[in-house]
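Down below is the structure, laid out as structure tokens.
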Amino acid sequence: MDSRQKQILEYRSYPNGYYHLCTDGWSGGNLFNTIGQFAFGMCTIALLTLKIGVKIISFELMPNHIHIAICGTGKQCLDSFFFIMERTRKRLKEDGYVVPPDSYWFKLVPVENRSALKDLIVYLARNKFEKGECTPVGHLWGTGYLVYNQFANFIRGTKVKDESEGC
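As numbered in numbering that gives the first Met the number 0, residues 0 to 166 make up the sequence shown, in order.
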């Protein structure tokens, strides 16, 4: 059994909870090269909730990697990664771009408590801004702009502070 197979088994054993799913930074290309590909990525994240049954707490699509604060089992998170990559590879190929290698992978880091979840959401929201690539409300490809945007007051849902400890 190689290290990837061991990691798959480990991730599969994770219980229902909050996790930071972060794909590898891909130095050989981008997962998202065009506005259409970013929009397709946004739809892909939305589909995770319907097809796999996870909760998406927060996420950011970066050109060469993805960050997601996600709630589900380890198996669901693993299935989410494979679903994202299947759709992304197909779209890149259709558009004539290089696809990520089979070795492209991700990390799944448990979020230990509500305070850590809050810190993760802030980290994701600041990610693109701290790289100097946009203003706090200027990155369209994720949920971070909602943290800084008054429009968020009109969105209905459970606030993180009101979430139960479990998913």
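Glycine included, every Cβ here is placed at the ideal spot set by N, Cα and C.
Model, not experiment: these values are computed from the prediction.
A buried status is given to G40, since no fewer than 16 other beta-carbon atoms sit within 10 Å of its beta-carbon. H66 is the residue among F82, L47 and H66 whose C-alpha sits nearest the C-alpha of Y18.
In the DSSP secondary-structure assignment, P62 is not bridged to any residue. Contact check for G71 against K54 passes: the beta carbons are separated by less than 8 Å. Taking the C-beta atoms as reference points, L107 is found no nearer than 8 Å to G52. Of the candidates L8, L116, K92 and Y13, L116 places its Cα closest to the Cα of A68. With the rule of 3 Cβ pairs closer than 8 Å, the region 2-21 counts as touching the region 90-110.
Put simply, the region 55-64 touches the region 26-46. At least three CB pairs are less than 8 Å apart.
The alpha-carbon of L8 is positioned some 18 Å away from that of D101. Counting every other CB atom within 10 Å of its CB across the protein chains shown gives P14 a total below 16, marking it as exposed.
Ranked by Cα distance from D78, the first of D23, L47, V97 and Y96 is L47.
Closest by C-alpha distance to E93, out of I120, H64 and F31, is F31. Within the region 42-128, the runs of alpha helix (DSSP H) that reach at least 4 residues and sit entirely inside it are, in chain order, 73-93. The C-beta of M84 has 16 or more other C-beta atoms within 10 Å across all chains shown, which makes the residue buried.
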